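Contents: one structure, followed by commentary.
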Amino acid sequence: MDAKPFAPEEAREIVESLQQPAVFLNMTHDWTGLQWTVEHLATVLGEKMLRFRIGEQTKKNTPQFETQCSYVEATMWDFLCWTKGQRGASPNPFCDYPVSEFWAYADYKYIAVLFQDKASMFKNITWSDFGYPGRNGRESTLWVGTDGANTPCHQDSYGCNLVLQVQGRKKWHLFPPGDTACLYPTRIPYEESSVFSQVNVVWPDLQRFPAFSAAKRHVVTLHPGQVLFVPRHWWHYVESVDPLTVSVNSWIEMEADDEARVGEALTKTIVCALKTTASHDNKDEWLNPTEVEVSSHEENLQYLSLAVQMCSKKRREQHCSHPPSHNYINPPSWKRDARGHPKQSTSTTVEQEGYTSAIPFGPNLVPVALDPDYQTTSCSFFSELSAGVMKGMEAPSQQRAGETDTGRDGNAESPGHKALSNNDLLEALLHPKVIALVTKLLLDRQKD
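If you're matching positions, the sequence shown starts at 1 in the UniProt record's numbering and goes up one per residue.
Put into structure tokens, the structure is as follows:
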């Protein structure tokens with residue numbers, strides 16, 4: 001058996017030191033999960049029904065959110081026959097969607113649920129090779145799609161991400177957290193733990209979203225057997241670029257998730273309170289299909305209170321045991337030389353929160369490159385504009401699709417006095433910077 005380029009402990013140290021996306025190579029050649037092609041999955045799953053999201057093959061300059069897609073319940077065999085243009089013995093659930101005009105995506109499928117009666121398959125995915133003992137398919141999700149199937153550009157609120165490409169290729173567009181202002185964040189449609197971008201990052205409308213031109217796009221096409229690391233809070237848009245694609249990912253928990261849960265509970269409380277209020281402008285599809293139901297205001301407040309209490313408790317415990325040193329649950333401990341300094345090689349040195357680590361970039365660990373067409377305009381310029389700190393200047397327009405100067409209810413208004421809607425209010429209240437500030441205030445009150 002060929003040796004892997006990184007031992008589990010070293011791989012974890014790399015993951016917990018990386019501050020940019022990177023691709024691991026030659027780490028999964030012995031994973032039986034690489035056999036999880038669509039045909040293999042169809043054989044294993046048999047008549048098990050899955051929910052597929054159906055989207056249009058389109059080049060519109062607006063995102064195709066999940067609320068705008070169609071959905072079908074079908075087996076993996078139905079899906080495979082549809083992609084091959086074959087007709088089964090009974091009508092195929094995909095029959096109304098020509099494969100040349102639509103894509104299909106079985107996304108967010110929890111492997112623990114999908115294979116609950118085939119637990120032995122969990123061991124086909126071995127994240128323990130990356131230094132996470134016991135983590136396997138049980139803590140992972142499955143993604144199966146066709147050419148063009150995509151996940152709208154978004155930012156995950158929790159953890160970091162490891163993604164294994166099994167079949168076909170996927171193209172990833174990634175943007176650093178510092179570019180948030182250039183990606184025009186929104187919480188509508190609402191999904192817990194996902195902040196969506198209003199921009200179609202492949203076909204952007206730069207008249208509506210001019211700041212996006214300053215976003216630092218990083219691009220990589222992930223091939224079978226490769227593992228992509230996505231750092232915390234990096235924005236990403238993912239699209240299948242082959243006829244059939246299969247991916248498996250696992251979100252890795254971090255200490256910062258405790259505070260993020262407070263922010264998410266706060267977000268949910270505000271969204272549900274405003275969007276469930278009787279109003280003429282609350283008729284949009286604001287709840288993402290991944291959300292099962294709308295919880296009551298009392299339930300949301302209880303969850304928010306619990307999140308604040310749990311985060312405050314953990315902070316007190318950590319403060320008593322040791323001062324905070326790193327964002328991850330277990331800080332990395334790189335091999336050091338006789339002087340106590342991290343051993344260096346022909347690699348990139350990363351300084352982070354009090355310690356220095358050498359990232360061994362090379363043939364087995366490749367950083368995701370910045371798009372060569374990137375313009376040097378800094379996104380911080382637009383961030384300052386949106387924060388209102390540059391006096392006498394106006395922030396970039398963020399007029400939503402379908403809006404005109406006649407207002408959201410169709411009534412004409414005088415220039416400069418456009419009526420505000422619930423979505424306008426939510427866009428301001430739920431901006432990541434606002435949520436972060438209110439979260440801090442709520443947690444600070446627990447210290448008193």
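Where is the CB? At the ideal position from N, CA and C, for every residue including glycine. Note that this is a predicted model, so its numbers are computed, not measured.
8 Å CB neighbourhood of residue i in its chain, flanking five on each side removed
| i | result |
| --- | --- |
| Leu206 | Phe212, Ser213 |
| Met310 | Asp258, Arg261 |
| Val248 | Gly33, Trp36, Ile111, Ile125, Gly137, Ser140, Thr141, Leu142, Trp143, Val163, Leu164, Val166 |
| Thr75 | Ala42, Leu45, Gly46, Glu47, Lys48, Met49, Leu50 |
| Gly168 | Pro224, Ser240, Val241, Asp242, Pro243, Leu244, Thr245, Val246 |
Same chain, Cβ closer than 6 Å to residue i, neighbours up to 5 away in sequence not counted
| i | result |
| --- | --- |
| Lys4 | Met27 |
| Phe79 | none |
| Asp405 | Unreliable positioning characterises Asp405 in this predicted model, as indicated by a pLDDT of 46, which lies under 50. A coordinate reading is not provided. |
| Pro93 | Val72, Ala74, Asp78 |
Buried/exposed call for residue i, threshold 16 Cβ in 10 Å
| i | result |
| --- | --- |
| Gly362 | exposed |
| Trp127 | buried |
| His218 | buried |
| Thr186 | buried |
| Leu420 | exposed |
| Gln86 | exposed |
| His236 | buried |
| Thr245 | buried |
| Leu301 | exposed |
| Glu293 | exposed |
| His154 | buried |
| Ala181 | buried |
| His95 | In the sequence on display, residue 95 carries Cys and not His. By the neighbour-count rule (16 or more Cβ atoms within 10 Å), Cys95 is not buried but exposed. |
| Arg12 | buried |
| Glu16 | buried |
| Gln379 | Checking the sequence shown, residue 379 turns out to be Cys, not Gln. When all chains shown are included, Cys379 counts as buried. |
Own chain partners of residue i with C-beta closer than 7 Å, once the 5 adjacent residues on each side are dropped
| i | result |
| --- | --- |
| Asn282 | Lys275, Asn422 |
| Ile188 | Trp286, Asn423, Leu426 |
| Arg135 | Trp127, Ser128, Ser250 |
| Ala22 | Phe229, Leu365, Val366, Pro367, Val368 |
| Tyr97 | Ile54 |
| Gly159 | Arg232, Trp251, Ile252, Glu253, Met254, Asp257 |
Beta-carbon separation (whole angstroms), residue i vs residue j, contact threshold 8 Å
| i | j | result |
| --- | --- | --- |
| Val72 | Phe102 | Contact doesn't hold; Cβ gap of about 10 Å is too wide. |
| Gly33 | Gly137 | 7 Å |
| Cys272 | Ser295 | 7 Å |
| Glu427 | Asn288 | Wrong, their Cβ atoms sit about 16 Å apart, outside the cutoff. |
| residue 454 | Lys170 | The displayed coordinates of the chain run from 1 to 448. Any statement about residue 454 would go beyond what the structure contains. |
| Phe24 | Gln226 | 7 Å |
- Task: Count the C-beta pairs between the stretch 47-54 and the stretch 176-190 that are closer than 8 Å, then say yes if the count reaches three, no if not.
- Result: Contact between the stretch 47-54 and the stretch 176-190 is absent, because fewer than three Cβ pairs lie under 8 Å.
- Message: With three or more C-beta pairs closer than 8 Å as the rule, is the stretch 106-115 touching the stretch 140-148?
- Response: Flag = yes, the stretch 140-148 and the stretch 106-115 touch.
- Validate contact between the stretch 55-63 and the stretch 189-204 using beta carbons, cut 8 Å, 3 pairs: Judged by Cβ distances under 8 Å, the stretch 55-63 makes contact with the stretch 189-204, as three or more pairs qualify.
- Item | Contact the stretch 430-438 vs the stretch 263-270: 3+ CB pairs below 8 Å | Verdict: yes, contact present.
- Task: Within the stretch 271-297, note down every full alpha helix (DSSP H) run reaching 4 residues or more, in order along the chain.
- Result: Runs of the alpha helix (DSSP H) inside the stretch 271-297: none found.
- Message: At 3 residues or longer, what runs of the beta strand (DSSP E) sit wholly inside the stretch 109-188?
- Response: As far as the stretch 109-188 is concerned, its whole beta strand (DSSP E) runs of at least 3 residues are 141-146, 150-156, 160-167, 170-175.
- Query: Going along the chain, which unbroken runs of the alpha helix (DSSP H) with 4 or more residues stay wholly within the stretch 202-269?
  - Reply: As far as the stretch 202-269 is concerned, it has no whole alpha helix (DSSP H) run of at least 4 residues.
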